[in-house]
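Student:
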Amino acid sequence: QVQLVESGGGSVQAGGSVKLSCTAPRWIRCGMGWFRQAPGKERELITTISRENITTYEDSVRGRFTISLDNAKNTIYLQMNSLKSDDTAIYYCAACRLQTLQPGYWGQGTQVTVSS
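Note that the sequence shown covers residues 1298 to 1413 in my numbering.
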C-alpha cells in the first residue's frame, strides 16, 4: 500500500511552533494537504496545496498555519505557529482527491500535543 512518509510533531507549549513534513513517491503529482483528528472528533481537512501552489485553509488555522510545497522533493510542509490546546490532534498528510475527504493516499499520522 502506498504511503506518504511524515515527520515532525511532538509536544509543545501553547504559543509555540511545530513543523511537519510529508514526502510522497515521485509519481504522485496531484494536490496534497493535511487533515487532523482530535480526540473524540472526526477527521477534518485543514489545509491543501495544489501543484500550482494554490493554498486553502480552514478558518481555525488560517493566519497561524502555513502549508508549502517543494516540488523537487515532492514534499509538503506544515508550519504551525501560535499553537493552542485545541490544535492537539493526530495530523495526517494526504494526496489526491482531497476535497472528497477520501484521499487516494495517506501518511501514517503524527501526534501534536499542545499543553497550556
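For every residue, glycine included, the Cβ atom is placed at its ideal position computed from N, Cα and C.
(1) Could you pull out every residue in the same chain whose Cβ sits closer than 6 Å to the Cβ of N1368, ignoring the five residues on either side in sequence?
(2) Taking the beta strand (DSSP E) that G1406 belongs to, which residues open and close that run?
(3) Near S1347, which residues of its chain fall below 7 Å by C-beta distance, leaving aside the five closest residues on each side in sequence?
(4) Can you tell me the Cβ-Cβ gap for L1301 and A1392, rounded? I've got them flagged as a contact below 8 Å.
(5) Determine which residues share a DSSP beta bridge with C1319 and list them.
(6) Just how far apart, CA to CA, sit T1372 and G1312?
(7) Cβ atoms of I1325 and R1333: under 7 Å apart, would you say?
Tutor: If we stick to the structure as given:
(1) none
(2) It is not in any beta strand (DSSP E) - G1406 carries neither H nor E in the DSSP assignment.
(3) G1328
(4) 6 Å
(5) E1303, I1373
(6) 26 Å
(7) no
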